[in-house]
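Trainee:
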Amino acid sequence: EPGSPSSTAASVSEPSLHSLAELGFTEAQAGQIHQAVSSLKKRGAGRDVLSSLTVMLVLGFNCSSVLKLLEKCPELCTVKEAQLQQRINNLRKLGLIEGSLQRTVAHYPDVLTVPVKTVKSVMHFLREKCLFTSQQLTHILRDSPQVVLEDLDQLEYKFQYVYFRMGVKQADMVKFRLFRFTLDEVRCRHAFLERRGFYQTPDKKGQTLIINPRLDSVLHSDLDSFLTHVAQASAEEYRVFQKLLAREWKEEELQQGGIQAE
Amino acid sequence: EKWAATRVKHPPTRLALQHFDATYSGQLGKIWPSVRVALLSERKYGALLNHFSNHNVLEDLQSQGCSDFISYRDEEGRCFCESTADSDGQQPSGLQLSPNIQCFVFPRGDVTRFQPARPDLCGLLSHYLMDAASVLPCLALDVQEGHNVLDLCAAPGGKTLALLQTQSISFLCVNDASVSRTMRLRKVLNSYVPKEFLTNEKLRITSFDGTQWGDIERNTFDRVLVDVPCTTDRHSLMEDDNNIFSKNRIGERRRLPQLQAELLLAGIQAACPGGEILYSTCTLSQSQNQSVVEQAVFVARENHDIQLQVVSLRPLTQMFQNTFYFAPDLRLGEMVLPHLTSNFGPIYMCKLRRLT
Ligand SMILES: C[S@@+](CC[C@H](N)C(=O)[O-])C[C@H]1O[C@@H](n2cnc3c(N)ncnc32)[C@H](O)[C@@H]1O
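Top line first, the protein sequences correspond to chains Z and H. Position 8 of the first sequence, counted from 1, bears residue number 8 in my numbering, the numbering being contiguous throughout. Position 70 of the second sequence, counted from 1, bears residue number 70 in my numbering, the numbering being contiguous throughout.
1. From residue 147/Z to residue 134/Z, what does the alpha carbon distance come to, in whole angstroms?
2. Which residues in chain Z have a C-beta closer than 7 Å to the C-beta of residue 241/H? List them in chain order.
3. Going along chain H in order, which residues have a C-beta closer than 8 Å to the C-beta of residue 254/Z?
4. CB-CB under 7 Å to residue 92/Z, same chain, minus the five flanking residues each way: which ones, in chain order?
5. At a cut-off of 7 Å, is residue 152/H close to ligand 1 when judged by its beta-carbon and the heavy atoms of the ligand?
6. I need the straight-line Cα distance from residue 56/Z to residue 138/Z, nearest angstrom please.
7. Helix, strand or coil, according to DSSP, for residue 303/H in the structure here?
8. Please list, in chain order, the chain H residues whose beta carbon lies closer than 7 Å to that of residue 244/Z.
9. So with CB distances below 7 Å, who are the chain H contacts of residue 195/Z?
10. Express the C-alpha separation of residue 236/Z and residue 228/H in angstroms, rounding to a whole number.
11. Can you name, in chain order, every residue of its own chain whose Cβ lies under 7 Å from the Cβ of residue 127/Z, other than the five neighbours on each side?
12. Buried or exposed for residue 33/H, going by 16 or more other Cβ atoms inside 10 Å?
13. So that I know if they touch, is there some Cβ in chain Z lying closer than 8 Å to that of residue 352/H?
14. Which residues bound the beta strand (DSSP E) around residue 113/Z?
15. Go ahead and pull the three-state DSSP assignment for residue 92/Z.
16. Is there a Cβ of chain H sitting closer than 8 Å to that of residue 114/Z, yes or no?
17. Relative to the C-alpha of residue 129/Z, which residue among 158/Z, 86/Z, 214/Z, 28/Z is closest?
18. What's the C-alpha gap between residue 355/H and residue 298/H?
19. Kindly list, in the order they appear in chain Z, the residues whose Cβ is closer than 7 Å to that of residue 323/H.
20. Please state if the CB of residue 202/Z and the CB of residue 167/Z are separated by a distance shorter than 8 Å.
21. So does the stretch 223-234 of chain Z actually touch the stretch 327-334 of chain H, counting three or more Cβ pairs closer than 8 Å?
22. With a threshold of 7 Å (Cβ to nearest heavy atom), would residue 158/H be considered close to ligand 1?
23. Assuming residue 163/Z and residue 187/Z make a contact with CB atoms under 8 Å, what is their CB distance in whole Å?
24. Residue 344/H to residue 125/H, Cα distance in whole Å?
25. Measure the Cβ-Cβ separation of residue 267/H and residue 224/H and say whether it is below 8 Å.
26. Nearest by alpha-carbon distance to residue 103/H: which of 162/H, 176/H, 59/H, 122/H is it?
27. Can you find at least 3 beta carbon pairs, one from the stretch 249-258 of chain H and one from the stretch 203-212 of chain H, that sit closer than 8 Å?
28. According to DSSP, is residue 45/H part of a helix, a strand, or is it coil?
29. Could you check the C-alpha separation between residue 272/H and residue 139/H for me, to the nearest Å?
30. Report the partner residues of residue 311/H according to the DSSP bridge assignment.
31. My output table needs one value for residue 177/H: the three-state DSSP class, helix, strand or coil.
32. Got a sec, what are the start and stop residues for the alpha helix (DSSP H) residue 54/Z sits in?
33. Could you spell out where the alpha helix (DSSP H) holding residue 233/Z opens and where it closes?
34. Report the neighbours of residue 187/Z on chain H: residues whose CB is nearer than 8 Å to its CB, in chain order.
35. Taking only the alpha-carbon atoms, compute the straight-line gap between residue 154/H and residue 134/H and give it to the nearest angstrom.
36. Mind checking residue 249/H: buried by the 16 CB within 10 Å criterion, or exposed?
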């Protein structure tokens, strides 16, 4: 078989240039695929790359988009055809219609490296514990697919933080794509605003003395405009604040760990 | 941990914040958010060097990257404590800072913490950790060789210790109304100062009500430090224990300005004519700062026939503006504002000189 020069491990069969060409890949693209596969070989990958690639093509991606997916997420090669198919079907079942599905995969191919079981448990968690509707879940999955890779404890903490501390309801969390951001990003910006006096936790009736900035201006502004328009602070202040907050959190965690250990 | 369950309804720290929001946003205007976030975040310390200890902590401190802010040199190598003349070389500032008071701080924006102080072979501790801005009132007091000094509200003793570092005081009178806090002060002094400096000829420690000092000992001291009890803004925002904003201390809190004015007046009476009095607090509150000074100056003139002059502290603030963030345009006295990049203070100080 006309393997690439790097093809030494006999157990891993790489897709031949010929078969790749048959799927429509140019020679250069085929070379790149080889590279991607061989870089993963050590991890026992690439057994059935050809059929996995076929699944992606069938999904509607052209050769160059498939290549982009592999660049973003080489691990895709390690997923077996059957699993890939299952995972795609599951996303469809969760409401991602054609078009959305492809966009989500293109934006975040890692979503296909996550077992169906994991995706289901995250969705179950968001529905049962956080009370998102099915439609909201679809939107979360579509706009912030990275949510399926999150640790459930972290996810719960993030949800509770935003729901209780920031007083943001589910609809806005979905609309403003909360789950694209890590807990630390959310907490840091919010805590900064809160300590500056620009953000208040609503009382039982949902009221605050000041008007809180909307979640999107807290999260989606780039740092400069966040500082100038929302926090009205200097970059130097924020830099120091981040350092202090990181230390506060670390110490809080240590303390809680200590309490649990007792 | 559930957010909803852990929130107590009206903890004193929260009441303090509400109170500060209401008063300081008006007083400080656009600076308030920056001061607020600094107050609610970890403060910075300074390490007051103990010259009585033989522990060689200086090198330690320097190797960690901190430096003495009092002898701080700017890029041109100019030492701030040497510059007794203004930049135009005309007016001497009249401040002679004791070279023995050294206080180490980490640079602007650096949040490294200090190691705890260690004892030397005689058991004396190498340095005292305190708000670096608290050293300023001691510097501003401008103690000279042979002075008689009164520290009217002295416990737990950080400023007393800084004053003792000058080694130029001939007699120091240390007082604090609280007996238990006076005990703490004794402990501090014993762990930092050799016994021969704590003899009855050099030092007297008492636990009187400072407001009565005018009746005990008038026209006596060259320098008087009046570091009054106040709303201790930082503490009130961070600790629910022993918080002056707790519901059952409302009366005490309301009476603070009156108590402060009485203490300052007593300090004024205790000073000798020509002597100097330094009033200081660790609050941003105008009614505990400027208003108290005005009130005391008024009563001293009207009821006690004592004329006072406000001594400008501008030379001092100019020297140290690289280390501290001073409030702009205060009508009376000077104030260090907390700021994340140099999170010291709040410290208010105002200096008075007795003319009669
Ligand atoms: C801000 S603290 C002094 C801090 C001290 N100067 C230092 O640097 O460590 C105020 C002190 O005033 C004391 N105090 C309160 N009322 C007093 C009074 N009537 N006379 C004298 N001291 C009083 C308190 O016990 C408290 O220790």
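Positions of the beta carbon are idealized from the N, C-alpha and C atoms, including for glycine.
Mentor: Taking the coordinates as given:
1. 15 Å
2. What residue 241/H touches in chain Z: nothing, since even the nearest Cβ is about 17 Å away.
3. Within chain H, no residue comes near residue 254/Z; the closest Cβ sits about 15 Å away, beyond 8 Å.
4. 101
5. yes
6. 21 Å
7. helix
8. 41, 42, 111
9. 36, 37, 40, 41
10. 34 Å
11. 137
12. buried
13. no
14. No beta strand (DSSP E) holds residue 113/Z; DSSP gives it neither H nor E.
15. helix
16. no
17. 158/Z
18. 14 Å
19. Here the premise fails: no neighbours, minimum Cβ distance about 15 Å.
20. yes
21. no
22. yes
23. Between residue 187/Z and residue 163/Z the Cβ distance is about 13 Å, and since that is not below 8 Å, they are no contact.
24. 23 Å
25. yes
26. 162/H
27. no
28. coil
29. 20 Å
30. 351/H
31. coil
32. 49-59
33. Here residue 233/Z belongs to no alpha helix (DSSP H), and DSSP marks it neither H nor E.
34. By Cβ distance, chain H contributes nothing, its closest Cβ being about 12 Å from residue 187/Z, past 8 Å.
35. 12 Å
36. exposed
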